[in-house]
Amino acid sequence: MSGARAAAALGYLPNHGAIGALTEVDGFLTSNLASAKGEKYRLCQNSIDHGVCNWAVPIADDNPYCRGCRLNDVIPNLSHPGALLAWARMEHAKKRLLHTLFQLGLPVQSRREKKGGLVFSFKESDVPASPVLTGHDDGRITLNIAEADNPGREKLREQLGETYRTLLGHFRHEIGHYYWDVLVRDTDELKTFRGLFGDPDESYEAELKRHYEVGPPPDWQASYVSAYATMHPWEDWAETWAHYLHIVDTLGTARSYGLAIRPEQGDDSKVPPGLGMTAKRLDFDDFDDLIGGWLPLTFALNSLNRAMGLPDLYPFILSEPAIKKLRFVHEVIERAVT
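So the sequence shown is residues 11 to 348, counted in our numbering.
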């Protein structure tokens, strides 16, 4: 029947940066978002064919894939057991990353749009002696789909002595390498980068060898966000960038729920003085506001996790030098998007 409406499903509209209910009307989709009134959409082809995407594509866009999926170059071999589930988990993490990049106003250009542009390859290690390595190379971000196996990733995290290892963390780290190329490498930002992170021209291979033979310095927490950040200035930047995305995305989520933390400050309180935040009042353009909201939030969330017998949600200590590096990331982004 013409004009008949099917049951609504949730879908993400990249051009509006929000999720809304999608309803089918006369062969196309409309959203309940006020900002999308009158606009027509269809589902991404990867939603129709594989059920791994919930992004919508404007009818006027002749590409069958959404802005996120069209960045893919290699997907897992879906004839292999577990490959579809692995891909779905990877797409979920990648789409969360892209949402944050769009919200920050950062350039997200594909390899089809720009030489050295962004492209994703999700690969499987077919030969044990030659494993697929997660990494970045001139805009290409490669992830081993084994990282989507939750028990396997947790086992590897313990073997490597890491406090944190997630798919989303991998994406945020590797995209940091991409944005070092885009925002720092050949710009006036490089001088400040050298003062904070060190010389990026140091031999990466030599520093990699040193890191895995000797390990991080014993006092690494005094200057770095993680032990891996001590390996090379590029890795220090990528780790710091990832933590910056942790901060803005988590605080943005807290703001969307109107979260407020106002701990009591009695004489016997174990809470540091002045530790409180109201997410709705945070100014995301002001780094001092961000870090001032992040510290009490993670203090509270870590305490809640411990109450449930779970590991800390944010198992890191941010020293003053690490915070200075985070501030630099913030300022680089602010200068790039204004």
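For glycine and all other residues, C-beta sits at the position ideal for the given N, C-alpha and C.
Small disclaimer: the values here were computed from a predicted structure and weren't measured.
Buried or exposed for P91, please, with buried defined as at least 16 other CB atoms from any protein chain shown within 10 angstroms of its CB. exposed
What do you reckon, are the CB atoms on F38 and K50 nearer than 8 Å? yes
Return the chain-ordered list of same chain residues with a C-beta closer than 8 Å to the C-beta of L116, the five sequence neighbours on each side being excluded. Y189, I343, A346 and V347
According to DSSP, Y51 sits in a beta bridge with which residue or residues? L39 and P68
Touch check for the region 253 to 261 and the region 194 to 213: three-plus C-beta pairs under 8 Å? no
With distances taken between CB atoms, is the gap from T144 to E157 smaller than 8 Å? yes
Could you compute how far the alpha carbon of M100 sits from the alpha carbon of L94? 10 Å
Considering only residues of the region 185 to 235, which uninterrupted beta strand (DSSP E) runs meet the minimum length of 3 residues and lie entirely inside it, listed in chain order? none
Is DSSP giving T176 helix, strand or coil here? coil
Extract the residue ranges of the beta strand (DSSP E) inside the region 112 to 148, only unbroken runs of 3 or more that lie entirely within it. 129 to 133 and 145 to 147
From D259, P306, S313 and M241, pick the residue whose C-alpha is nearest to that of I271; which is it? P306
Among H109, T250 and L177, which one has its Cα closest to the Cα of F338? T250
Run of the alpha helix (DSSP H) containing V347, from where it starts to where it stops: E330 to V347
Can you give the Cα-Cα distance for Y222 and I185, rounded to whole angstroms? 23 Å
Using DSSP's beta-bridge definition, name the partner residues of L32. A19 and S41
What does a CB cutoff of less than 8 Å around W244 pick up in its chain, not counting 5 residues either side in sequence? H187, W190, P210 and Y214
So, helix, strand or coil for D322, using DSSP? coil
If you reduce the DSSP assignment to three classes, tell me which class N315 lands in. helix
Using beta-carbon positions only, say whether F181 and A103 come within less than 8 Å of one another. yes
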